[in-house]
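Residues -26 to -1, 1 to 163 (mature numbering (1 follows the signal peptide of the UniProt record, and there is no 0)) are what the sequence shown spells out, left to right.
Note that the Cβ used here is the ideal one computed from N, Cα and C, for glycine as well.
Fair warning: this is a prediction, and the values are worked out from it, not measured in the lab.
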Amino acid sequence: MIISSKFYYKLSVLCFLLCFRTSLFSQDKIALGVSGMYNFPLNSVGVGLRAQIPVIPRVQLVPQFKYAPPFNTIHELFAGLNINYIVFKGNVRRNGFKKGMEVEKPTIYLTGGVEYNRWINYIETKQSNSKQNNFLPEVGIGTSVGNYSVRLFGEIKYNIRWQESYGEIGLLICPAYIKSKRKASCPIY
């Protein structure tokens, strides 16, 4: 299957417009994150970067980049876009402290999307649907816990094309909620 460069251009413009539109309406809620990844069937590890952008209530757009280094059996990188749908919104606290005996309730979400995969040390395999460049649809479930400025997250995802599962654990930081300790100074005349 050959996909034209016009398709990639239109997809890039669409992603940019969605990100721009959401940043206008929810600029203070965009979170940036780092993660560690483990592919269960391959026993390989990797690292990732992501952004989490709220689009509408309960829906988030999650562009992400992941890299599995060359010490793994398969040296590869991923660039993808997922959509998270929040099924259960937990108790996210603005200042990071629980009130009294409040029980910690995590946020639970369903996730789905597509990733571009570049298999760097590609070799022919018995699996006929694997190439050096691949598009991989994936679905999964995730959870996050914490406050508005810092949250831990964990996800289990399933790659539909290669029938592989992997887990991801990471940290999300929302810069808009981190308070500055600088004091406003008045000019002296």
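Would you kindly work out how many angstroms separate the C-alpha atoms of residue i and residue j, rounded to a whole number?
{"i": "K131", "j": "G86", "result": "8 Å"}
{"i": "residue 173", "j": "S18", "result": "It is not possible to answer for residue 173, since the shown part of the chain is limited to -26 through 163."}
{"i": "S159", "j": "C148", "result": "The pLDDT assigned to S159 is 46, lower than 50, so where the model puts this residue is not dependable, and the model offers no usable value."}
{"i": "R135", "j": "S9", "result": "23 Å"}
{"i": "E142", "j": "L126", "result": "11 Å"}
{"i": "L146", "j": "K3", "result": "11 Å"}
{"i": "E98", "j": "K105", "result": "8 Å"}
{"i": "E50", "j": "N13", "result": "12 Å"}
{"i": "K63", "j": "G22", "result": "24 Å"}
When DSSP builds the beta bridges, which residues end up paired with residue i?
{"i": "N13", "result": "S18 and Y140"}
{"i": "residue 166", "result": "Beyond the ends of the chain as shown, which are -26 and 163, falls residue 166; an answer cannot be given."}
{"i": "A150", "result": "Paired residue(s): none; A150 is not in a bridge."}
Just to confirm before moving on: does the CB-CB distance between residue i and residue j stay below 7 Å?
{"i": "G144", "j": "G7", "result": "yes"}
{"i": "G114", "j": "E138", "result": "no"}
(request) Please determine if the stretch 113 to 127 and the stretch 77 to 97 are in contact, where contact requires at least 3 C-beta pairs separated by less than 8 Å. (result) yes
(message) If we require 3 or more residues per run, which beta strand (DSSP E) segments fall completely within the stretch 74 to 125?
(response) 81 to 93 and 107 to 120
(request) Evaluate contact between the stretch 54 to 67 and the stretch 28 to 38, counting only Cβ atoms and requiring at least three cross-stretch pairs below 8 Å. (result) yes
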